[in-house]
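Asks: Quick one: this structure, given as structure tokens, is what I'll be asking you about.
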Ligand SMILES: Nc1ncnc2c1ncn2[C@@H]1O[C@H](COP(=O)(O)OP(=O)(O)O)[C@@H](O)[C@H]1O
Ligand SMILES: [Mg+2]
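Chains as they are written, first to last, in this note's numbering: chain A, 824 to 1156; chain B, 11 to 251; chain C, 4 to 354.
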């Protein structure tokens, strides 16, 4: 055999990872003071983590079943609204300045958001997506239709106006580190995001289920030929991804301290940018892409408000010029 | 004579609006290796995919081990003991050799004895146990694909062009490996363009053209009959000898 | 003669022929049959959207690609006229200049987007166009010195097209022959001409190659067609059609703003019109646009009545609220994609 010693294990492609500190450092000279930079960086990471939660399901579903769900944003909105309803219904526990009381409102709210979004995901997969399986054109159209209908139903159920949502007492306010003020909620968001990423990483890399998912992303037919029903695997991933989007939605609502029916659609554009930057179907790419987008949005948002989204589209174009299939291209052609 | 392990009767397959298989009839006996030959585009790959359930037959019947499987899903067929090595090998490039084999072993981690036997057939598998499959050479990928199909004992092995793009020395290894496989309880259905390889390992043979079987018989008879080869395989024979 | 005008693509259904004639007659006779500002506005909007939707159908129905950037090209046309009129003065030369610049910009952008992303896959193209269109929306709202930001721009047109201009002293059949009427007929006739041109495109050998690529890319590549080239060309033609529609709309409204051109809601409206009217037939675009625009203006009145009547029943008034009419169109849209992928026109022709 031509090879001498053992083959190198696939090397970690670190270059895209280095982009995260690179962007943070590149922003430093433009920001007037170090404390502001620290605040913005934490804000960017927090935003990135929430975007990652919303986008993870979308990229996995695409990788596994070659389906791009243009209605993924509705899971975000539905999660946000469901969580908000629960939180508003438990106002006294929210306002109490005790962590236990706050948690007794937040935990049910998060569960409600994930459950409703997950259920909607299950329904969507069965009713809307399954009949147009394998037909990209119809998928895009039908999921767009689903987006319109659910967004309108949200108007019917929750009304057309923005609903304000004050944050629970214990996660309002900031830590002061040196001269920098770091909002508590952002730290919480970073921690939750890291926990979700770690859990996903462990499941994907350390369990048989994860092995199946990774194999399915690469070659669906072969996984079936090995005797596994990828359908049920896919339904599971779809529901889990929708529930995660719901979690992201309720966290986003708390971050914005309000909800409106358009957040789903507004986030879709951001999610697509993240997916394209990261490489369609790649969870790691999705994570890196989300953090890049979050940081970029906060730095430019500070320097030139309103250009935040624009700067990310520019970032996407630059990434595509460098790597036409995203930072971490996934196997399938 | 016992009933064949696999029998196709009047199988038709459409891909989109195209009518690819137009009534395929042939059998794979319960032992040995059946070669499926024919020129490019004859429908060999489509036949294997139809047997595996990756295309649905639009008419006709596929019987396997005494039961009809025409309407069964791909995973069901796999669980009945059919394994498939596609033309592009279908290995999971991002998974290690070990993970590729673990995934294929449906009933838990493979037995040591079985693994040792596989390592004897394909030593490269042991050497690159923790390497990512995407980093293997073409021949090693082909070996991994076959190893994956037999990591547990299977009844019927479908292999699409195992020697495609391989160097002659590696083809010699493959011939050895297939001879060893024939000594097990597994029956094989192998699609091939390389007549030298086909003659070396085939027991029975079926020849396809334009979506139909045009000849079926013993490999030895075909190998001995130059004019029949000329007639059935035409140019593809000269191109590959 | 008629066959030549329609490029050999006849309605092939008596009902469809009657419907199309009714639409045409309605548009041509609107100022005389339905006088009043509102109905004339509806008629002009129908004409503009027939062109806009037809140009979108060239992409979706004939080429099989989903673009979310169609409103961007629509907006480029609108802003081209608006900015030229506001900055260079309300003359014919500046109008022509604005249109020429808008068309060149659209063609260049469509070419770039096509070459960048059409070689990959339908989904990728859809996502990229969505992002680029969002970028443009931001651009328009930020460059307020040029575009008037969220407020948009209001401008004058050459005198001939202004309502104050009387063309003939005597009213005809009770209708004043003024600049408003002139600009109405300019819009309708230009839209009709562009529509016939698109009909010609899809019935040319070029159009047939597009169809064969949509049917089976694999085979078409094998037959030696450069699919990326064909798709990119279709993308450019579609973009030019949308730009012209934007130009006409800007001429009619004498106003250009994000809500009338770039808004994502208009993109959704276009999708609804194409699918409900019938993908893959230019006549579907005409029928879909007409039904939609008329419904948009009159169905809501009807829903207000129904909603009031349903008072007291839980949830029903909310579902029937006039602002919720998109809900019902969305449902209709999904049903169409599943069960009538060829839309109304497909159904009529099948009979
Ligand atoms: N996805 C497909 N779409 C359309 N035609 C196909 C497709 N796959 C294969 N074909 C056609 O089916 C015929 C048989 O192909 P195949 O079974 O791959 O032949 P073989 O394996 O014998 O070379 C060929 O004419 C090929 O062009
Ligand atoms: Mg083949």
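Each residue gets a CB set at the ideal place from its N, CA and C atoms; glycine is no exception. Values in this document were obtained by computation on a predicted structure and should not be read as measured data.
Classify residue 16/B as helix, strand or coil using the three-state DSSP reduction.
Replies: DSSP places residue 16/B in strand when its eight states are reduced to three.
Asks: Is there at least one non-hydrogen atom of ligand 2 closer than 8 Å to the beta-carbon of residue 1044/A?
Replies: No - ligand 2 has no heavy atom lying nearer than 8 Å to the Cβ of residue 1044/A.
Asks: Determine which residues share a DSSP beta bridge with residue 214/B and list them.
Replies: The partner list for residue 214/B (beta bridge, DSSP) reads 44/B and 228/B.
Asks: Is residue 54/B near ligand 2, going by C-beta to nearest heavy atom under 8 Å?
Replies: True, at least one ligand heavy atom lies under 8 Å from that Cβ.
Asks: Buried or exposed, going by whether 16 or more other CB atoms sit within 10 Å of the CB of residue 220/B?
Replies: With fewer than 16 Cβ atoms within 10 Å of its Cβ, residue 220/B is classed as exposed.
Asks: By how many angstroms is the C-alpha of residue 1132/A removed from the C-alpha of residue 343/C?
Replies: Roughly 37 Å separates the two Cα atoms.
Asks: Hey, is residue 1103/A's beta-carbon within less than 9 Å of any beta-carbon in chain B?
Replies: Judged by the 9 Å Cβ criterion, residue 1103/A is not in contact with chain B.
Asks: When Cβ atoms are compared, which residues of the stretch 128-156 of chain C fall closer than 8 Å to chain A?
Replies: So the list reads 129, 130, 131, 133, 134, 135, 137, 138, 141, 142, 144 and 145, given in the order they occur along the chain.
Asks: How would you call residue 985/A, buried or exposed, if buried means at least 16 neighbouring beta carbons within 10 angstroms?
Replies: Exposed.
Asks: Quick one: which residues of the stretch 278-291 of chain C get their C-beta closer than 8 Å to a C-beta of chain A? List them in chain order.
Replies: Of all residues in the stretch 278-291 of chain C, 278 have a Cβ within less than 8 Å of some Cβ in chain A.
Asks: Can you find the residues in the same chain that come closer than 7 Å, C-beta to C-beta, to residue 1023/A, ignoring five residues on each side of it along the sequence?
Replies: Counting only Cβ-Cβ distances below 7 Å, and skipping sequence neighbours, we find 879 and 1106.
Asks: Applying a beta-carbon distance threshold of less than 7 Å, which residues of chain A neighbour residue 94/B?
Replies: Going along chain A in sequence order, the residues near residue 94/B (Cβ under 7 Å) are 1048.
Asks: Any contact of the stretch 1130-1150 of chain A with the stretch 125-139 of chain C, i.e. 3+ C-beta pairs under 8 Å?
Replies: The stretch 1130-1150 of chain A, when compared against the stretch 125-139 of chain C, does touch it at the 8 Å Cβ threshold.
Asks: Can you tell me the Cα-Cα spacing of residue 247/B and residue 158/B, whole angstroms?
Replies: Here residue 247/B scores only 44 on pLDDT, less than 50, and its place in the model should not be relied on; the value that follows carries that caveat. Looking at the two C-alpha atoms, the distance is approximately 30 Å.
Asks: Mark residue 1042/A as exposed unless 16 or more other C-beta atoms lie within 10 angstroms of its C-beta, in which case mark it buried.
Replies: That one is buried.
Asks: For residue 25/B, which option in 303/C, 222/C, 337/C and 304/C has the closest C-alpha, if you only look at C-alpha atoms?
Replies: Of the listed residues, the one whose Cα sits closest to residue 25/B is 222/C.
Asks: Enumerate in chain order the residues of its own chain whose CB-to-CB distance from residue 1085/A is below 6 Å, with the five nearest sequence positions on each side excluded.
Replies: Hits under 6 Å: none found.
Asks: Return yes when the C-beta of residue 61/B is under 8 Å from any heavy atom of ligand 1, and no when it is not.
Replies: Checking the Cβ of residue 61/B against ligand 1 gives no.
Asks: At a CB distance below 9 Å, what residues from the stretch 102-136 of chain B approach chain A? Give them in sequence order.
Replies: Of all residues in the stretch 102-136 of chain B, 102, 103, 104, 105, 106, 109, 110, 112, 113, 114, 116, 133 and 134 have a Cβ within less than 9 Å of some Cβ in chain A.
Asks: Mind listing the chain B neighbours of residue 1035/A? Cutoff is C-beta to C-beta under 9 Å, in chain order.
Replies: Those are 113, listed as they occur along chain B.
Asks: Report yes or no: is there a C-beta of chain B within less than 9 Å of the C-beta of residue 1146/A?
Replies: Residue 1146/A does not count as touching chain B.
Asks: Compare the C-beta of residue 951/A against all C-beta atoms of chain C and say whether one is closer than 9 Å.
Replies: Judged by the 9 Å Cβ criterion, residue 951/A is in contact with chain C.
Asks: Rounded to whole angstroms, what is the Cα-Cα separation between residue 183/B and residue 43/B?
Replies: Roughly 17 Å separates the two Cα atoms.
Asks: Provide the residue(s) that pair with residue 199/B in DSSP beta bridges, ordered along the chain.
Replies: Answer is 44/B and 168/B.
Asks: Looking only at DSSP bridge pairs, what is residue 37/B linked to?
Replies: BP columns for residue 37/B point to 17/B.
Asks: Return yes when the C-beta of residue 270/C is under 8 Å from any heavy atom of ligand 1, and no when it is not.
Replies: False, no ligand heavy atom lies under 8 Å from that Cβ.
Asks: Can you pull the DSSP bridge partners for residue 169/C?
Replies: According to DSSP, which records beta bridges pairwise, residue 169/C is partnered with 181/C.
Asks: Below 8 Å CB to CB, which residues in the same chain sit around residue 110/B once its five sequence neighbours on both sides are set aside?
Replies: The residues are 101, 102, 143, 154 and 158.
Asks: Do residue 95/C and residue 14/C have their CB atoms nearer than 9 Å?
Replies: Going by C-beta atoms, residue 95/C is not nearer than 9 Å to residue 14/C.
Asks: List, in chain order, every chain A residue whose beta-carbon is nearer than 7 Å to that of residue 85/B.
Replies: Simply 1047, 1050, 1051 and 1052.
Asks: Residue 50/B: beta carbon under 8 Å from a heavy atom of ligand 2?
Replies: Yes, Cβ of residue 50/B sits closer than 8 Å to a heavy atom of ligand 2.
Asks: What is the DSSP secondary structure of residue 263/C, counted as helix, strand or coil?
Replies: In this structure, residue 263/C counts as coil in the three-state DSSP scheme.
Asks: Within 8 Å: the Cβ of residue 170/B and any heavy atom of ligand 2?
Replies: Answer for residue 170/B: yes, Cβ within range of ligand 2.
Asks: Would residue 272/C be called buried (16 or more neighbouring beta carbons within 10 Å of its own) or exposed?
Replies: By the neighbour-count rule (16 or more Cβ atoms within 10 Å), residue 272/C is buried.
Asks: Taking beta-carbon pairs under 8 Å, can you tell me which members of the stretch 319-330 of chain C lie near chain A?
Replies: Hits within the stretch, in order: 321, 322, 324, 326, 327, 329 and 330.
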